[in-house]
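All remarks here apply to the structure that follows.
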Amino acid sequence: MMEVKYAVHPDDYKHYTTEILRKHFLVEKIFVKNEANLIYSHVDRIIFGGIMPVNKNIELNNMLNELKSEYFLERREMGVINIGADGIVTIDGTDYYLKSKDGLYIGMGAKDIQFKSIDQERPAKFYVSSTPAHTSYPTVKIEISKANPVELGSLQTSNERTIYQYVHPAVCKSCQLLMGMTILKEGSVWNTMPCHTHDRRMEVYFYFDMDDDTRVFHFMGEPQETRHIVVANEQAVISPSWSIHAGVGTKNYAFIWSMAGENQDFEDMDLIDVRNLK
Numbered sequence: 009m010m011e012v013k014y015a016v017h018p019d020d021y022k023h024y025t026t027e028i029l030r031k032h033f034l035v036e037k038i039f040v041k042n043e044a045n046l047i048y049s050h051v052d053r054i055i056f057g058g059i060m061p062v063n064k065n066i067e068l069n070n071m072l073n074e075l076k077s078e079y080f081l082e083r084r085e086m087g088v089i090n091i092g093a094d095g096i097v098t099i100d101g102t103d104y105y106l107k108s109k110d111g112l113y114i115g116m117g118a119k120d121i122q123f124k125s126i127d128q129e130r131p132a133k134f135y136v137s138s139t140p141a142h143t144s145y146p147t148v149k150i151e152i153s154k155a156n157p158v159e160l161g162s163l164q165t166s167n168e169r170t171i172y173q174y175v176h177p178a179v180c181k182s183c184q185l186l187m188g189m190t191i192l193k194e195g196s197v198w199n200t201m202p203c204h205t206h207d208r209r210m211e212v213y214f215y216f217d218m219d220d221d222t223r224v225f226h227f228m229g230e231p232q233e234t235r236h237i238v239v240a241n242e243q244a245v246i247s248p249s250w251s252i253h254a255g256v257g258t259k260n261y262a263f264i265w266s267m268a269g270e271n272q273d274f275e276d277m278d279l280i281d282v283r284n285l286k
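Following this line, the structure appears as structure tokens:
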């Protein structure tokens, strides 16, 4: 299944009710048993979502109507991070075993891609992001120990966290996709503050590792026209390039971030002074 979400102009979003805001920017259900549940966003043409094989293999090439392509990665690249139990991604006959929090970059041109779990009682949960690509780079398995860790924040500002860069120039080559995972330490609840925009790239946040009664208040919008979306466990928010993207939780949590757009410079961002937020 692939849902299509269209781009939104910042002048329009100012008039949205909570219900409409959630309809256009929030994805409430990422993982569905024995399905590839994907979202095609017209914001930089990113595709993201969850693949959760339980008692059967799941392959991508049965969802090609929206792409009008011969196979899924004919003109695309993909990043994968497993947040569930052990699983296998098979790419053109080669198996890649992914434990929890292991990742994978799949280059353009890979034709036969299948996902399966080792134990159906403890299924894998593959979170994926895919962007248009212009050339083919090698497929790379990225264990969390091989991701590039960046320590940021402090307990005093309630945002002490580790950013693990998976699909990133410091780890592997990709065309435009950037993808990684941020884990907040106990006692920290802000995923970033001061917040920022990056007009050359959009971003998707996928929140997970949350208790049933934990919520994240995800802030978005232009700096002088902010709104918030209340997000539960294993839900995702689309952040257009014109929007800030910051969240504060009722408890610490983790999230996977994916970016698509003009460049791959992780530091390319426009910081917003907290005093200028409205």
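Under this note's numbering, the sequence shown has 246 at position 238, and the numbering climbs by one with no breaks.
C-beta: ideal position from N, C-alpha, C; glycine also.
Small disclaimer: the values here were computed from a predicted structure and weren't measured.
Under the three-state reduction of DSSP, Asp20 is assigned to helix. Counted as a single uninterrupted DSSP element, the beta strand (DSSP E) harbouring Leu112 occupies residues Gly111 to Ile114. Sequence-distant Cβ neighbours of Gly255 in its own chain, meaning closer than 6 Å and more than five residues away, are Asn199, Val224 and His226.
Secondary structure at Thr190: strand, using DSSP grouped into helix, strand and coil. In this structure the stretch 93-110 does not touch the stretch 24-32; the number of beta carbon pairs closer than 8 Å is below three.
Under a 10 Å Cβ-count criterion, Tyr105 is classified as exposed, with fewer than 16 other Cβ atoms of the shown protein chains found around its own Cβ. Distances from the alpha-carbon of Tyr113 to those of Gly92, Lys154, Glu74 and Asp94 put Lys154 closest. Rounded to whole angstroms, the Cβ separation of Gly87 and Met187 is 4 Å, and the two are in contact under 8 Å.
Pro61 and Asn284 have their C-alpha atoms some 46 Å from each other. It is roughly 22 Å from the alpha-carbon of His204 to the alpha-carbon of Lys259. Residue Lys193 holds the alpha-carbon nearest to the alpha-carbon of Gly257 among Glu67, Lys193, Tyr14 and Val212.
For Lys31, the enclosing alpha helix (DSSP H) begins and ends at Thr26 to Phe33. His206 and Asp281 do not touch by the CB rule: their CB atoms are close to 16 Å apart, not below 8 Å. The DSSP-derived three-state label of Lys154 is helix. The stretch 68-79 makes no contact with the stretch 141-155; the number of CB pairs closer than 8 Å stays below 3. For the stretch 60-96, the continuous beta strand (DSSP E) assignments of 3+ residues that do not extend past its boundaries occur at 84-90, in sequence order. If you draw a straight line from the Cα of Pro177 to the Cα of Gln272, it is about 8 Å long. Taking C-beta separations shorter than 7 Å and ignoring five residues to either side along the sequence, the partners of Pro146 in its chain run Gly115, following chain order. For Gln122, the uninterrupted beta strand (DSSP E) segment begins and ends at Ile121 to Ser125.
Sequence-distant Cβ neighbours of Glu159 in its own chain, meaning closer than 7 Å and more than five residues away, are Thr170. Restricting attention to Asn167, Leu163 and Leu185, the CA atom closest to the CA of Ser266 is found in Leu185. If you draw a straight line from the Cα of Pro231 to the Cα of Gly269, it comes to about 20 Å.
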